[in-house]
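Engineer: So in the numbering used here, spot 8 of the sequence shown is number 21, and the numbers just go up one at a time.
Quick reminder that beta carbons are idealized off the backbone N, C-alpha and C, glycines included.
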Amino acid sequence: MNATQLALTLEPDTERRQDLPPADRELIERAIRCLEERYRVNLDVLTSPGATRDYVKLRLDGLGYEVFAMILLDNRHGVMRYVELFRGTLDGASVHPREVVRLVMAHNAAAVIFAHNHPSGITEPSQADIRITQRLKDALALIEVRVLDHLIVGEGEGLSFAERG
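1. Taking the alpha-carbon of Val-117 as reference, which of Ile-143, Pro-35 and Leu-98 has the nearest alpha-carbon?
2. Taking only runs of the beta strand (DSSP E) that begin and end inside the region 53-130, which ones reach a length of at least 3 residues, in chain order?
3. Mind checking which residues open and close the alpha helix (DSSP H) that includes Leu-153?
4. Pop quiz: Tyr-78 and Arg-100 are said to be a contact at Cβ under 8 Å. What is the actual Cβ separation, rounded to whole angstroms?
5. Report buried or exposed for Gly-167, applying the criterion of at least 16 other Cβ atoms within 10 angstroms of its Cβ.
6. Once DSSP output is grouped into helix, strand and coil, what is the label at Leu-164?
7. Based on the DSSP secondary-structure assignment, which residues constitute the bridge partners of Arg-159?
8. Across the region 120-127 and the region 152-168, are there enough close Cβ pairs to call them in contact, namely three or more that are closer than 8 Å?
9. For the putative contact between Pro-132 and Leu-76, defined by C-beta atoms under 8 Å, what is the C-beta separation to the nearest angstrom?
10. May I have the straight-line CA-CA distance separating Leu-195 from Glu-137, to the nearest angstrom?
11. Assuming Val-108 and Ile-145 are in contact, meaning their beta carbons sit under 8 Å apart, how far apart are those beta carbons, in whole angstroms?
12. Just to confirm, is the Cβ distance from Asn-130 to Val-80 under 8 Å?
13. For Gly-178, which of Ala-82, Ile-143 and Val-158 has the nearest alpha-carbon?
14. With DSSP run on the structure shown, which of helix, strand or coil describes Leu-40?
15. From the DSSP output, which residues share a beta bridge with Ser-173?
16. Is DSSP giving Ile-135 helix, strand or coil here?
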């Protein structure tokens, strides 16, 4: 298996949230599984940036390294899949538009929502965050896939590019 394939099959590792007691880590994992099951079975639509932010915050908050994730949506904005695409370091993760497009096409998604965390807790987008969001939007527009939002998880509520306009 090459590095590109590994980037697309990242699973949560056992080092996540080591500062929390085991009971709290298990509670978070159970909450994530319940949300995923609800979205998968009922094909609920993530109706607001706030609802989406709550979901990705459960997934990405408290990590000591940056993770870039994507939620794949069908044509009615039902959640098809959440996937962590790229894992980085304390202050960044390399995001490759070609791999994002490949995964979107493999799942025949109609729309996507991007999310990543800032381990520093500061949710203000960097220039690199703004540039990669635009590059991904441009790449996906070529195959008629809409980018509905890009969320940054950190301390507090987090940031939604959609809410910022």
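Structural biologist: Judging by the given coordinates:
1. Locating residue 117 in the sequence shown gives position 104, counting from the first residue. The option with the nearest alpha carbon to Val-117 is Leu-98.
2. 80-86, 92-100 and 124-130
3. The residue labelled residue 153 in the question sits at position 140 within the sequence shown. 140-154 is the span of the alpha helix (DSSP H), which, as asked, contains Leu-153.
4. Start at 1 with the first residue of the sequence shown, and residue 78 comes out as number 65. Start at 1 with the first residue of the sequence shown, and residue 100 comes out as number 87. The Cβ separation is near 6 Å, so the contact holds.
5. As a first step, residue 167 must be located in the sequence shown, where it is residue number 154. Looking at its Cβ environment, which holds 16 or more other Cβ atoms inside 10 Å, Gly-167 is buried.
6. Reading the sequence shown from its first residue, position 151 is the one you call residue 164. Leu-164 falls in the strand class under three-state DSSP.
7. By one-based count along the sequence shown, residue 159 stands at place 146. The partner list for Arg-159 (beta bridge, DSSP) reads Ala-124.
8. yes
9. Numbered from 1 along the sequence shown, position 119 holds the residue referred to as residue 132. Numbered from 1 along the sequence shown, position 63 holds the residue referred to as residue 76. With a contact defined as Cβ atoms closer than 8 Å, Pro-132 and Leu-76 qualify at about 6 Å.
10. No answer is possible for residue 195: the residues shown for the chain start at 14 and end at 178.
11. Taking the first residue of the sequence shown as 1, we reach residue 108 at position 95. Taking the first residue of the sequence shown as 1, we reach residue 145 at position 132. With 8 Å as the limit, Val-108 and Ile-145 qualify as a contact, their Cβ atoms being about 5 Å apart.
12. Position 117 of the sequence shown holds residue 130. Position 67 of the sequence shown holds residue 80. Yes.
13. As a first step, residue 178 must be located in the sequence shown, where it is residue number 165. The candidate whose alpha carbon is nearest that of Gly-178 is Ile-143.
14. Locating residue 40 in the sequence shown gives position 27, where the first residue counts as 1. The answer is helix: DSSP assigns Leu-40 an H, G or I state.
15. Locating residue 173 in the sequence shown gives position 160, counting from the first residue. Beta-bridge pairing links Ser-173 to Leu-164.
16. The residue labelled residue 135 in the question sits at position 122 within the sequence shown. Ile-135: coil per DSSP, three-state reduction.
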